[in-house]
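> Right, I'll just put the structure down here and ask away after.
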Amino acid sequence: MTAKAASVDVTDGPAADAALSKAPRTERGKRTLRKLLDAAAAEFGERGYHEASISGITQRAGAALGTFYTYFDSKEQVFRALVDDMGRLTRQHIAERVTGTSDRLTAERLGLEAFIDFVRGHKDLYRIVMEAQFVAEDAYRNYYRVFAEAYRRNLVHASAKGEISPGHEEERAWALIGMSVFLGLRYAVWSDDRPAAEIAAAAAELITFGLSPHKGEGMS
Numbered sequence: 015m016t017a018k019a020a021s022v023d024v025t026d027g028p029a030a031d032a033a034l035s036k037a038p039r040t041e042r043g044k045r046t047l048r049k050l051l052d053a054a055a056a057e058f059g060e061r062g063y064h065e066a067s068i069s070g071i072t073q074r075a076g077a078a079l080g081t082f083y084t085y086f087d088s089k090e091q092v093f094r095a096l097v098d099d100m101g102r103l104t105r106q107h108i109a110e111r112v113t114g115t116s117d118r119l120t121a122e123r124l125g126l127e128a129f130i131d132f133v134r135g136h137k138d139l140y141r142i143v144m145e146a147q148f149v150a151e152d153a154y155r156n157y158y159r160v161f162a163e164a165y166r167r168n169l170v171h172a173s174a175k176g177e178i179s180p181g182h183e184e185e186r187a188w189a190l191i192g193m194s195v196f197l198g199l200r201y202a203v204w205s206d207d208r209p210a211a212e213i214a215a216a217a218a219e220l221i222t223f224g225l226s227p228h229k230g231e232g233m234s
């Protein structure tokens, strides 16, 4: 394996900011937007989309109702922006943990550990993203599509450097995302009593050696 740091791509893509039409230009505005998005995460996470309200979001944020409309036009728009934001925060958290790793397989292990840790600190993530499937299906699809495209590019780059076997990068990207999603559900949302590093190590062994009874041997 190469001694060079593994490449990490967390590009959001062209649709990432589509839900936010009134992006702030000042630092104060950015801080206010951050408070609104954090409050929206709590409101939607606890009450669900249909029971959540704009007034509930502003109360949680300690902001005036008019402040909300400075950044968003509706409850659906803030929900869409929140889905994009949560995806971006997740990717940034993972990137911070894996940047500088020596190879792709190490990055897979550390990335999964980082994902589980992130979900444990943001347990509303799953409810919000799953609700997006019914409230804003395009935002739901984009959430995973952005992950998958960045993942695919990382795999292409890693295979070009000889860190992993080449081929089927798109299928592999979706398969690895699926593994992360359900491990996060089981070991971060439903229960968090086992060390994230332990879960990630078990998954990394599967990624590295597959299900073959003979580690290191190829498939027949």
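Its first residue numbered 15, the sequence shown is counted upward by one per residue in my numbering. C-beta: ideal position from N, C-alpha, C; glycine also.
Please report the residue range of the alpha helix (DSSP H) in which residue 70 lies.
Start and end: 68-75.
> DSSP on residue 132, reduced to helix/strand/coil?
Here residue 132 sits in helix by DSSP.
> Between which two residues does the alpha helix (DSSP H) carrying residue 179 extend?
First-last for residue 179: undefined, no H or E at that position.
> Tell me whether residue 116 sits in a helix, a strand or coil according to DSSP, three-state version.
Here residue 116 sits in coil by DSSP.
> Would you mind listing the alpha helix (DSSP H) stretches within the segment 154-226 that are 4+ residues and don't spill past its ends, in chain order?
For the segment 154-226, whole alpha helix (DSSP H) runs of length 4 or above, ordered along the chain, are 183-198 and 210-223.
> Counting along the chain, where does the alpha helix (DSSP H) carrying residue 61 start and finish?
Segment 41-65, the alpha helix (DSSP H) holding residue 61.
> Note down the Cα distance separating residue 131 from residue 103, rounded to an integer number of angstroms.
Taking the straight line joining both Cα atoms gives about 13 Å.
> My output table needs one value for residue 82: the three-state DSSP class, helix, strand or coil.
Correct three-state label for residue 82: helix.
> Using 9 Å as the threshold, is the C-beta distance between residue 54 and residue 96 below it?
Yes.
> So what does DSSP say about residue 137, is it helix, strand or coil?
Coil at residue 137, not helix or strand.
> Pull up the distance between the alpha-carbon of residue 213 and that of residue 188, whole angstroms please.
Roughly 19 Å separates the two Cα atoms.
> Taking 9 Å as the threshold (C-beta atoms), are residue 85 and residue 115 in contact?
No, the Cβ-Cβ distance between residue 115 and residue 85 is not below 9 Å.
> Under the three-state reduction of DSSP, which class applies to residue 98: helix, strand or coil?
Here residue 98 sits in helix by DSSP.
> Using a Cβ-Cβ cutoff of less than 8 Å, which residues in the same chain neighbour residue 178 once the five nearest sequence positions on both sides are dropped?
118, 119, 169 and 172.
> Express the C-alpha separation of residue 72 and residue 128 in angstroms, rounding to a whole number.
The alpha-carbon atoms of residue 128 and residue 72 are separated by roughly 31 Å.
> Could you check which residue in 51, 208, 42 and 57 has the C-alpha nearest to that of residue 134?
The shortest Cα separation from residue 134 among 51, 208, 42 and 57 belongs to 208.
> Work out the CA separation of residue 94 and residue 30 for me, nearest whole Å.
Low confidence applies here, because residue 30 scores a pLDDT of 40, under 50, leaving its location unreliable; read the following figure in that light. Answer to the nearest angstrom: the Cα atoms are 10 Å apart.
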